[in-house]
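*Asks:*
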Ligand SMILES: [Zn+2]
């Protein structure tokens, strides 16, 4: 299976895309190379593919007519699409990498507000129902039982 990277536009085997369970096909829309570049060099890498230098023989590209205005209905449909959601996720991630300190400070401030505390409690309630949490809890309890048994042995 192949997939086109939304950043560099290359068609690559699906294994070249980082796994992401939230995506319909289980992989992010950008390839590992673009993912790495965006992650580590946010300012040096453009999200749009860089246009190649035109060769002297090439005619300048004709000016494209401006796009027709989209109806609110079309825009609304686009905003709900996976494509738009992923673009937003990428933008948010990019913003986070570029303003990490500020984001962390904001999160900390938000968590101290009434609403932030509520959200956190809601999140934890949902998280405690997940298999991941249940597995972690099981492992932790087993560990505690073992430590307790060890202590009792030592006391005897
Ligand atoms: Zn790419």
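Residue numbers (the numbering used here): 361 to 516. Built from N, CA and C at the ideal position, the CB exists for glycine as well.
(1) Whole angstroms are fine: how far does the CA of residue 471 sit from the CA of residue 477?
(2) So is residue 363 buried or exposed if we call it buried at 16+ other beta carbons inside 10 Å?
(3) Where does residue 410 sit, in a helix, a strand or coil, going by DSSP?
(4) Less than 8 Å between the CB atoms is what I'm expecting for residue 372 and residue 391, so what's the real figure, rounded?
(5) Quick check: the Cα distance between residue 500 and residue 486, rounded to an integer number of angstroms?
(6) Quick check: what's the CA-CA separation for residue 361 versus residue 442?
(7) Would you list the one or two residues that DSSP bridges to residue 364?
(8) Roughly how many angstroms separate the alpha carbons of residue 449 and residue 437, rounded to a whole number?
(9) Expressed to the nearest angstrom, what Euclidean distance is found between the alpha-carbon atoms of residue 367 and residue 374?
(10) Which residue marks the beginning of the alpha helix (DSSP H) containing residue 463, and which one marks its end?
(11) Give every residue of the same chain whose Cβ lies closer than 6 Å to the Cβ of residue 446, excluding the five residues on either side of it in the sequence, and list them in chain order.
(12) Taking 6 Å as the cut-off, is the beta-carbon of residue 364 closer than that to any non-hydrogen atom of ligand 1?
*Replies:* By the coordinates alone:
(1) Roughly 5 Å between the two C-alpha positions.
(2) Residue 363 comes out buried.
(3) Any reading at residue 410 is ruled out, since the residue's pLDDT is 48, under 50, leaving its predicted position unreliable.
(4) Right, the Cβ-Cβ distance comes to about 5 Å (below 8 Å), so this counts as a contact.
(5) Taking the straight line from one Cα to the other gives about 19 Å.
(6) Their Cα atoms are separated by approximately 19 Å.
(7) Paired residues: 371.
(8) Residue 449 and residue 437 have their C-alpha atoms spaced approximately 17 Å apart.
(9) Those two C-alpha atoms are separated by around 15 Å.
(10) Where residue 463 is concerned, the enclosing alpha helix (DSSP H) stretches over 460 to 471.
(11) Setting aside the 5 residues that flank it on each side, residue 446 is surrounded in the same chain by 389, each with a C-beta closer than 6 Å to its C-beta; the list follows chain order.
(12) The answer is no for residue 364.
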